[in-house]
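Colleague: One structure, pasted below without further comment.
Shown next as structure tokens:
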């Protein structure tokens, strides 16, 4: 497959994520209905926020009585790791990088979209273009919306098939694992080991949000300590 | 649809978009792949995804071997399928199918 900087090659690169987002979207839709929201509200939340963990927090915190601004800021803080995604993509694209239309494609940079962009750019920098980034973003975004709507309208039906339900719940972890495998090289093996250890400890003693962000930053910083070797 | 819900949704949407966009907009490349910032950013991809895997898997862990058998065998299947075909989609779907089968059996 040649590395064309087109919408289609972006869409192809993020296809696995798009498939994985449907069941996670369904889980969110089901949770929203259980929390007393309507199907329209759940879908609107997915369309406007488009960030899984923080959407679950919105469900939990709306109506909790806390000041609106405090609630909003603490939910936004759970997405802090996203500040590294755009710069990491620009860095990976190097001489092909352009920030044209970045205000629009960066909206679609969820964890999965970022992962698929990095995996593709790791294969070839020639993929990068705004069109490619829109292609990366479109599939997972609409899959997330459709999943949310399905979950909100018909989520209950899935509980009749526990094995399928369980297998779908494993799609995202399986995706993350195979993306790590495809990104790993001699330089990044120590980075992944440090990240896994730090994330594990931080999640256990603090929270998943702090653990994922902290593990990721410490892990990426450790690449400087193992430095001096061939850059990735 | 109540006002508080709409305001929080719009604020969180705006804030999340700013987290994704502003660093992209104001970032300056170093032009040197060996510069510390460049090395940090190229390690961010594998580090972020490894951290997300730990975050996704940790709540599934349990001291009961039967409870985590689907996770262990599913993850092993992902690795084996990946080494065999070098394809993310095949590894993911293969791992999820093994997970579902083991879940149904134990």
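Residue numbers (the numbering used here), protein chains in the order written: chain A, 5 to 236; chain B, 5 to 110.
Think of the CB as a built atom: it goes at the ideal place given N, C-alpha and C, for glycine as much as any other residue.
1) Interface residues of chain B around residue 67 of chain A at Cβ under 9 Å?
2) Determine the chain B residues that contact residue 83 of chain A at a beta-carbon separation under 7 Å, and present them in chain order.
3) Strictly under 9 Å for the Cβ-Cβ distance: is residue 90 of chain B near chain A by that measure?
4) Within the continuous alpha helix (DSSP H) that includes residue 126 of chain A, where are the two ends?
5) Pull up the distance between the alpha-carbon of residue 51 of chain B and that of residue 23 of chain A, whole angstroms please.
6) Taking Cβ-Cβ distances shorter than 7 Å, what residues in chain B pair up with residue 89 of chain A?
7) Please tell me whether residue 58 of chain A has its Cβ less than 9 Å away from any Cβ of chain B.
8) What's the gap between the Cα of residue 184 of chain A and the Cα of residue 102 of chain B?
9) Rounded to the nearest angstrom, what separates residue 96 of chain B and residue 79 of chain B at their Cα positions?
10) What's the C-alpha gap between residue 84 of chain B and residue 172 of chain A?
11) Any beta carbon of chain B sitting closer than 9 Å to that of residue 100 of chain A?
12) Whether or not the region 104-114 of chain A and the region 27-37 of chain B are in contact is what I'm after, with contact meaning three or more pairs of Cβ atoms, one per stretch, closer than 8 Å; do they touch?
13) Nearest to residue 209 of chain A by alpha carbon, out of B:62, B:82, B:11 and B:46?
14) Reducing DSSP to helix, strand and coil, say where residue 234 of chain A ends up.
15) Give the interface partners of residue 148 of chain A over in chain B, defined as CB-CB distance under 8 Å, in chain order.
16) Pull up the distance between the alpha-carbon of residue 223 of chain A and that of residue 43 of chain B, whole angstroms please.
17) Give the secondary structure of residue 31 of chain B by DSSP, where H, G and I count as helix, E and B as strand, and everything else as coil.
18) I'd like to check one pair, residue 66 of chain A with residue 53 of chain A: are the Cβ atoms closer than 9 Å?
19) Look up residue 54 of chain A in the DSSP assignment and say whether it is helix, strand or coil.
20) Beta-carbon separation of residue 104 of chain B and residue 161 of chain A under 9 Å?
21) With respect to the alpha helix (DSSP H) encompassing residue 169 of chain A, which residues constitute its N-terminal and C-terminal limits?
22) Could you give the first and the last residue of the continuous alpha helix (DSSP H) run that contains residue 151 of chain A?
Modeller: Quick look at the numbers:
1) Counted from its first residue, the first chain places residue 67 of chain A at position 63. Here the neighbours are 6, 8 and 9.
2) What you label residue 83 of chain A is simply residue 79 of the first chain in a count that begins at 1. Chain B residues near residue 83 of chain A: 20 and 23.
3) Numbered from 1 along the second chain, position 86 holds the residue referred to as residue 90 of chain B. Judged by the 9 Å Cβ criterion, residue 90 of chain B is in contact with chain A.
4) Residue numbering aside, residue 126 of chain A sits at position 122 when the first chain is read from its first letter. Following the DSSP letters along the chain, one finds residue 126 of chain A inside the alpha helix (DSSP H) bounded by residues 115-127.
5) Within the second chain, numbered from 1, the residue matching residue 51 of chain B stands at position 47. Within the first chain, numbered from 1, the residue matching residue 23 of chain A stands at position 19. For residue 51 of chain B and residue 23 of chain A, the distance between alpha carbons rounds to 23 Å.
6) Taking the first residue of the first chain as 1, we reach residue 89 of chain A at position 85. Within 7 Å Cβ-Cβ: 24.
7) Here residue 58 of chain A refers to the residue found at position 54 when the first chain is read from its first residue. Chain B contact via Cβ: present.
8) By one-based count along the first chain, residue 184 of chain A stands at place 180. By one-based count along the second chain, residue 102 of chain B stands at place 98. Going by the C-alpha atoms only, they are around 19 Å apart.
9) Stepping through the second chain from its first residue, residue 96 of chain B is reached at position 92. Stepping through the second chain from its first residue, residue 79 of chain B is reached at position 75. Their Cα atoms are separated by approximately 9 Å.
10) Along the second chain, read from residue 1 onward, the residue named residue 84 of chain B stands at position 80. Along the first chain, read from residue 1 onward, the residue named residue 172 of chain A stands at position 168. Approximately 19 Å, taken between the alpha carbons.
11) Taking the first chain and counting its residues from 1, one reaches residue 100 of chain A at position 96. By this cut-off, residue 100 of chain A is not an interface position.
12) yes
13) Taking the first residue of the first chain as 1, we reach residue 209 of chain A at position 205. The shortest C-alpha separation from residue 209 of chain A is found at B:62.
14) Stepping through the first chain from its first residue, residue 234 of chain A is reached at position 230. Confidence is the limiting factor: at residue 234 of chain A the pLDDT is only 48, short of 50, which leaves the residue's position unreliable, though a coordinate-based value still follows. It is coil, neither helix nor strand.
15) Here residue 148 of chain A corresponds to residue number 144 of the first chain, with the count starting at 1. Those within 8 Å of residue 148 of chain A in chain B number zero; the least Cβ separation is about 13 Å.
16) Here residue 223 of chain A is taken as the residue at index 219 of the first chain, counted from 1. Here residue 43 of chain B is taken as the residue at index 39 of the second chain, counted from 1. Whole-angstrom Cα-Cα distance: 12 Å.
17) Looking up residue 31 of chain B in the second chain gives position 27. Of the three classes helix, strand and coil, the one that applies to residue 31 of chain B here is coil, per DSSP.
18) Position 49 of the first chain holds residue 53 of chain A. Position 62 of the first chain holds residue 66 of chain A. Not a contact, by the Cβ cut-off of 9 Å.
19) Sequence index remark: in the first chain, residue 54 of chain A carries index 50 (1-based). Coil at residue 54 of chain A, not helix or strand.
20) Within the second chain, the letter at position 100 stands for residue 104 of chain B. Within the first chain, the letter at position 157 stands for residue 161 of chain A. The criterion of a C-beta distance shorter than 9 Å is not satisfied by residue 104 of chain B and residue 161 of chain A.
21) Taking the first chain and counting its residues from 1, the one referred to as residue 169 of chain A is at position 165. Start and end: 166-173.
22) By 1-based counting over the first chain, the position of residue 151 of chain A is 147. Start and end: 134-158.
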